[in-house]
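In order, the protein sequence lines correspond to chains P and Z.
Just so you know, we're using the working numbering here: the first sequence kicks off at 5 and counts up by one.
Just so you know, we're using the working numbering here: the second sequence kicks off at 62 and counts up by one.
Glycine included, each C-beta is placed from N, C-alpha and C at the ideal position.
Being a predicted model, the structure only gives us computed values, none of them experimental.
Input: a single structure, listed below in structure tokens.
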Amino acid sequence: MGTIDGAVTGGRGPAKHRVPPSKELLGLDIVEPSAAAERTRREGATFTVQALTITDEELVARSMDGDVDSFNQLIKRWERPIYALAYRTLGREEDARDVCQETFLRAYRAINGFKGQAKFSSWLYRIALNLCRDWMRKQRRQPVVQMPEDVDITELASERGPVESIETLVARKELGRAVAIAMAALPEEQRTAIVLKEYHGLTFQEIADMQGCPLSTVKTRLYQGLSVVRRQLEQGGMSVADIRGDAS
Amino acid sequence: MSTHFHCDDTETLVAYLYDDIDPITREAVARHLPGCARCRDEVAALGGVRQVLSEWTPPTPALRFTVVPESAVSNVVTPHVPAWQTVPRWAQAIAAMLALAVGASVANVQVRHDAAGWTVSTGWMASAPGAVAAAAAPGAEAAWRPALASLEESLRREFAARPALVAPVQVATAEAPAAASDSAETLARVRALIEASEKRQQQELALRLTQFVHDVELQRRADLVKINQGLGQLEGRTGAEVERQREAINYLIRAGLRPPQ
């Protein structure tokens with residue numbers, strides 16, 4: 005990458021058994037994010053006390069002045085959500101990682117063009133979604149569902165909670181796989197609307213701005229998408245009502 | 062915003078489902094639901110779908126992306142030098158001569174010295190190369206010699222002066238104060254880079270340690286599961302064996318109790 009202004013580096017490696025750095029070892033005080041959604045927290049976004057005192061907008065302003073460390077803090081805040089978005093849109097870990105990396109590289113290059121009309125996160129989401137769209141167009145295919153055929157009980161054993169049985173965990177994994185398959189079959193607009201609303205907690209208006217369509221269209225896409233997923237799950241032998249009862 | 066809700070208004074139903082709705086419309090839907098089984102079922106089913114969607118979690122690889130400005134790195138580590146400056150001067154001189162010779166042969170350059178002074182002409186100016194060569198053959202050769210000799214001498218002078226021009230870098234920097242300050246600055250930058258690298262390595266070590274601990278924990282849990290499974294199987298086999306022995310003893314007892322024929 006000799007001709008570009010910056011390079012985004014990130015360790016590649018097996019996804020399994022990788023954990024975020026321990027707060028004790030790195031001397032970080034990890035606390036709950038104040039504004040981020042609960043799901044985002046569950047997916048690994050961690051914030052330091054210092055980072056929490058600085059808003060995205062302040063970090064963006066510093067980045068515009070050439071402070072690379074500030075931009076790296078923004079990356080730290082948003083790499084998990086952007087990766088999750090790319091993964092749920094594309095379905096493949098490697099592609100999601102590449103899109104995530106390219107998203108931050110483009111954001112870094114274009115940071116001086118960020119006018120602040122929208123939230124920084126919305127701007128990032130938009131870049132990531134455009135890259136996902138380009139990727140799908142280039143590959144001329146639907147998102148894939150990348151999951152192991154067989155469930156390894158010994159591996160699952162390490163993931164389960166203290167009171168969760170192996171059977172429950174296997175059922176949960178199977179459910180996740182069924183959802184991934186159903187989502188992959190959706191048209192891109194419906195899938196994106198569901199992902200942005202369900203997993204990233206964007207408002208209808210934010211999704212409409214991002215997708216460049218009226219508010220009512222977003223709601224229709226969500227309704228149609230959810231209905232299709234429901235039918236797919238039921239065709240796969242799952243009763244949504246039963247699942248709801250089991251889960252709650 | 063509406064105070065009445067109609068069953069076919071799916072957009073409002075979705076807004077209600079996600080609670081991304083104005084309070085008045087939410088109230089209207091809430092009033093409608095108890096009396097409409099169809100809408101109630103629809104909301105419950107879509108709520109169920111949302112619940113199922115939450116089971117789809119992405120993997121959590123270690124990303125740790127970091128922006129490294131290449132301009133800063135290249136300024137310090139690999140200063141940009143034009144490729145032609147890395148070639149020695151003598152090689153540059155030879156290349157220049159070769160280029161001159163090739164250019165002269167292509168253009169068919171003719172240099173003549175006669176009573177009218179020096180005359181330079183090219184093949185494009187001449188009517189026919191053969192005719193020019195025939196006409197200028199003896200005189201031209203004599204005219205070339207001094208020119209060639211002077212060129213050779215000037216090149217020799219330049220070669221002789223070369224060691225002085227291409228002095229060792231250390232000497233040049235030691236003599237020039239400006240260059241010395243540049244060197245100190247470069248040294249400081251390199252030190253800063255080394256310190257940053259050390260810091261990164263320490264962080265990497267901490268991360269590796271964490272991963273190692275995590276891996277050990279995973280392996281321990283997996284081993285526990287395997288031991289549990291093994292114990293269960295062993296228990297099953299032992300139970301079966303005890304059962305068989307019990308049956309054999311029962312048979313022996315029954316056989317022992319049988320009255321002699």
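Next on the checklist: Let me see if you follow: with CB-CB separation under 9 Å, is PRO24/P close to chain Z or not?
Outcome noted: Walking along the first sequence from the start, residue 24/P turns up at place 20. Low local confidence applies: a pLDDT of 36 at PRO24/P is under 50, so the model's placement there is unreliable, with the coordinate-based value given in what follows. So, interface residue.
Checklist entry - What does THR207/P reach in chain Z if we use C-beta pairs closer than 7 Å? => result The residue labelled residue 207/P in the question sits at position 203 within the first sequence. Neighbours of THR207/P on chain Z, chain order: ASP81.
Checklist entry - DSSP three-state call for ASP69/Z: helix, strand or coil? => result Position 8 of the second sequence, counted from the start, is the residue given in the question as residue 69/Z. Correct three-state label for ASP69/Z: coil.
Item to check | Best match in TYR112/P, MET140/P, ASP138/P for proximity to TRP127/P [C-alpha to C-alpha] | outcome: Position 123 of the first sequence holds residue 127/P. Closest option to TRP127/P, Cα to Cα, is TYR112/P.
Checklist entry - Would you call the segment 61–74 of chain P and the segment 102–109 of chain Z touching, i.e. three or more CB-CB distances under 8 Å? => result no
Item to check | Alpha-carbon spacing of SER220/P relative to MET187/P, whole angstroms | outcome: As a working note, residue 220/P is residue 216 in the first sequence. As a working note, residue 187/P is residue 183 in the first sequence. Cα to Cα, the separation comes out at about 21 Å.
Item to check | LEU173/P versus VAL110/Z: straight-line alpha-carbon distance, rounded | outcome: Position 169 of the first sequence, counting from 1, holds the residue named residue 173/P. Position 49 of the second sequence, counting from 1, holds the residue named residue 110/Z. Roughly 19 Å between the two C-alpha positions.
Checklist entry - In this structure, does DSSP put THR86/Z in helix, strand or coil? => result Position 25 of the second sequence, counted from the first residue, corresponds to residue 86/Z. THR86/Z: helix per DSSP, three-state reduction.
Next on the checklist: Please list, in chain order, the chain P residues whose beta carbon lies closer than 8 Å to that of ALA98/Z.
Outcome noted: As a working note, residue 98/Z is residue 37 in the second sequence. Correct list: empty, because the minimum Cβ distance to chain P is about 14 Å.
Next on the checklist: Whole angstroms are fine: how far does the CA of ALA154/Z sit from the CA of VAL163/Z?
Outcome noted: Locating residue 163/Z in the second sequence gives position 102, where the first residue counts as 1. Locating residue 154/Z in the second sequence gives position 93, where the first residue counts as 1. Whole-angstrom Cα-Cα distance: 14 Å.
Next on the checklist: Taking CB distances under 9 Å as the criterion, tell me whether VAL233/P reaches chain Z.
Outcome noted: Against the first sequence, residue 233/P aligns to sequence position 229. For VAL233/P, the answer is yes, since a Cβ of chain Z falls inside 9 Å of its Cβ.
Next on the checklist: In this structure, how does DSSP classify ASP381/Z when only helix, strand and coil are distinguished?
Outcome noted: Here chain Z covers residues 62 to 322 and nothing more, so residue 381/Z does not appear.
Item to check | Closest residue to THR59/P among LEU133/P, SER74/P, ILE170/P (Cα-Cα distance) | outcome: Looking up residue 59/P in the first sequence gives position 55. Minimum Cα distance to THR59/P is reached at SER74/P.
Checklist entry - Are the beta-carbon atoms belonging to VAL222/P and ALA197/P less than 9 Å from one another? => result Indexing the first sequence from 1 puts residue 222/P at position 218. Indexing the first sequence from 1 puts residue 197/P at position 193. Going by C-beta atoms, VAL222/P is nearer than 9 Å to ALA197/P.
Item to check | Listed by chain order, chain Z residues near THR172/P by CB distance under 7 Å | outcome: Within the first sequence, residue 172/P is the residue found at index 168, counting from 1. Under the 7 Å cutoff, chain Z gives no residues; its nearest Cβ is about 11 Å from THR172/P.
Checklist entry - Listed from N- to C-terminal order along the chain, which residues in the segment 90–123 of chain Z have their beta-carbon within a distance smaller than 8 Å of any beta-carbon of chain P? => result ALA105, ALA106, LEU107, GLY108, GLY109, VAL110, ARG111, GLN112, VAL113, LEU114, SER115, GLU116, TRP117, THR118, PRO119, PRO120, THR121, PRO122, ALA123
Item to check | Reduced DSSP category for LYS119/P - H, G, I as helix; E, B as strand; rest coil | outcome: By 1-based counting over the first sequence, the position of residue 119/P is 115. Reduced to three states, the DSSP call for LYS119/P is coil.
Item to check | Coil, strand or helix - ILE310/Z by DSSP | outcome: Counted from its first residue, the second sequence places residue 310/Z at position 249. It is helical.
Checklist entry - Do TYR203/P and ALA122/P have their CB atoms nearer than 9 Å? => result Here residue 203/P refers to the residue found at position 199 when the first sequence is read from its first residue. Here residue 122/P refers to the residue found at position 118 when the first sequence is read from its first residue. No.
Next on the checklist: Nearest by alpha-carbon distance to ARG99/Z: which of THR71/Z, ILE314/Z, GLN264/Z is it?
Outcome noted: On the second sequence, residue 99/Z is found 38 positions in, with the first residue counted as 1. Of the listed residues, the one whose Cα sits closest to ARG99/Z is THR71/Z.
Checklist entry - Out of curiosity, what's the CA-to-CA distance linking GLU106/P and ILE115/P? => result Against the first sequence, residue 106/P aligns to sequence position 102. Against the first sequence, residue 115/P aligns to sequence position 111. Between GLU106/P and ILE115/P, the C-alpha separation is close to 14 Å.
Item to check | Proximal residues of chain Z, C-beta to C-beta of GLU83/P below 9 Å | outcome: Residue mapping note: residue 83/P aligns to position 79 of the first sequence, counting from 1. Those are LEU124, ARG125, PHE126, listed as they occur along chain Z.
Checklist entry - Within the 9 Å Cβ cut-off, does GLU72/Z reach chain P? => result Locating residue 72/Z in the second sequence gives position 11, where the first residue counts as 1. Closer than 9 Å: yes.
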